[in-house]
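**Student:** Mind looking over this structure? Questions follow.
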Amino acid sequence: INSQSWGYSDLNARGEEIEEWQAENRLILLNKPEDKPTFFSRAWLTSTTPDLAFATDNKKCTREVADQLATSDHRPILISIDTSFPRTKRKLLQIFNASWKSGRIPNIWKKAIMIPILKHGKPRNKLDSYRPISLTSCTCKLMERVINSRLTLILESNSLLTEAQAGFRK
Numbered sequence: 001i002n003s004q005s006w007g008y009s010d011l012n013a014r015g016e017e018i019e020e021w022q023a024e025n026r027l028i029l030l031n032k033p034e035d036k037p038t039f040f041s042r043a044w045l046t047s048t049t050p051d052l053a054f055a056t057d058n059k060k061c062t063r064e065v066a067d068q069l070a071t072s073d074h075r076p077i078l079i080s081i082d083t084s085f086p087r088t089k090r091k092l093l094q095i096f097n098a099s100w101k102s103g104r105i106p107n108i109w110k111k112a113i114m115i116p117i118l119k120h121g122k123p124r125n126k127l128d129s130y131r132p133i134s135l136t137s138c139t140c141k142l143m144e145r146v147i148n149s150r151l152t153l154i155l156e157s158n159s160l161l162t163e164a165q166a167g168f169r170k
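Numbering-wise, the UniProt record's numbering puts 8 at position 8 of the sequence shown, and it's gapless, one number per residue.
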């Protein structure tokens with residue numbers, strides 16, 4: 001899926017399809033051509049950037065490619081929401097607190113925009129030629145991270161997790 005938009009020197013048919021899909025859905029690509037590659041092929045000993053991040057508005061979102069993990073061919077991609085504006089922080093805090101106190105999650109957080117992506121080399125007229133991509137609420141993901149951090153702190157500081165529960169722990 002080559003395109004100059006995400007760091008390749010050329011544009012191929014798959015890259016063109018992704019660019020058309022991006023334009024049709026009015027999405028902004030968070031990748032920058034100068035970002036470091038996100039994937040290393042051990043078979044071909046090449047680095048590429050197949051991992052793309054899209055947003056509906058990039059004014060408050062950033063994308064960063066982290067260092068390679070020893071057990072993966074992919075580098076982690078960190079998507080951040082800029083909350084440096086005091087008004088944004090206050091509004092997020094109000095939303096999170098209201099949700100927490102009421103025990104309710106805003107309906108918009110429960111929805112995803114499903115976008116079909118045509119699989120390489122598959123016919124456009126067949127439903128099973130597509131794989132779904134879900135665009136979900138970044139605000140909901142942020143609240144999930146806050147809750148996860150707090151719960152993890154409580155569990156670990158009170159030794160409530162056994163050594164066998166090691167997956168996804170820091």
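Every residue gets a Cβ at the ideal spot worked out from N, C-alpha and C, and that includes glycine. All of these numbers come straight from a predicted model, not from anything done at the bench.
By the DSSP assignment, the beta strand (DSSP E) with threonine 46 in it spans what residues?
**Tutor:** Counting from 1 along the sequence shown, the entry for residue 46 is found at position 46. 46-48 is the span of the beta strand (DSSP E), which, as asked, contains threonine 46.
**Student:** What residue from Lys111, Glu24, Asn97 has the CA that sits closest to phenylalanine 54's CA?
**Tutor:** Within the sequence shown, numbered from 1, the residue matching residue 54 stands at position 54. Among Lys111, Glu24, Asn97, the Cα nearest to that of phenylalanine 54 is on Glu24.
**Student:** From the DSSP output, in three-state form, read off alanine 55 for me.
**Tutor:** Counting from 1 along the sequence shown, the entry for residue 55 is found at position 55. Alanine 55: strand per DSSP, three-state reduction.
**Student:** Helix, strand or coil for proline 86? Go by DSSP, reduced to three states.
**Tutor:** Taking the sequence shown and counting its residues from 1, the one referred to as residue 86 is at position 86. Three-state result, proline 86: helix.
**Student:** Please classify isoleucine 154: does DSSP put it in a helix, a strand, or coil?
**Tutor:** For this step, residue 154 is matched to residue 154 along the sequence shown. Residue state, collapsed to three classes: helix.
**Student:** With distances taken Cα to Cα, identify the nearest neighbour of alanine 13 among Thr46, Gln94, Lys122.
**Tutor:** Here the question's residue 13 lines up with position 13 in the sequence shown. Of the candidates Thr46, Gln94, Lys122, the one whose C-alpha sits nearest the C-alpha of alanine 13 is Lys122.
**Student:** Can you name, in chain order, every residue of its own chain whose Cβ lies under 8 Å from the Cβ of residue 217, other than the five neighbours on each side?
**Tutor:** Since the first residue of the chain shown is 1 and the last is 170, residue 217 is not available in this structure.
**Student:** Count the other CB atoms, across all protein chains shown, that sit within 10 Å of the CB of leucine 27; report buried if there are 16 or more and exposed otherwise.
**Tutor:** The residue given as residue 27 occupies position 27 in the sequence shown. Around the beta carbon of leucine 27, a 10 Å sphere encloses 16 or more other beta carbons of the protein chains shown; the residue is thus reported as buried.
**Student:** Measuring alpha carbon to alpha carbon, tell me which of Leu153, Leu52, Gly103 ends up nearest isoleucine 133.
**Tutor:** Looking up residue 133 in the sequence shown gives position 133. Ranking the options by Cα distance to isoleucine 133, first place goes to Leu52.
**Student:** Quick check: the region 61-80 against the region 34-51, are there 3 or more CB pairs under 8 Å?
**Tutor:** yes
**Student:** For residue 174, count the other beta carbons within 10 Å of its own beta carbon; 16 or more makes it buried, fewer makes it exposed. Which is it?
**Tutor:** Lying before the first or after the last residue shown, residue 174 is absent from the chain, which here runs from 1 to 170.
**Student:** Which first and last residues belong to the beta strand (DSSP E) in which isoleucine 133 is found?
**Tutor:** Translated into the one-based positions of the sequence shown, residue 133 becomes position 133. Secondary structure note for isoleucine 133: its beta strand (DSSP E) is the uninterrupted segment 130-135.
**Student:** Could you compute how far the alpha carbon of isoleucine 126 sits from the alpha carbon of glycine 15?
**Tutor:** As a first step, residue 126 is located in the sequence shown; it is residue number 126 there, counting from the start. As a first step, residue 15 is located in the sequence shown; it is residue number 15 there, counting from the start. Looking at the sequence provided, one finds lysine at residue 126 rather than isoleucine. Rounded to the nearest angstrom, the two C-alpha atoms are 21 Å apart.
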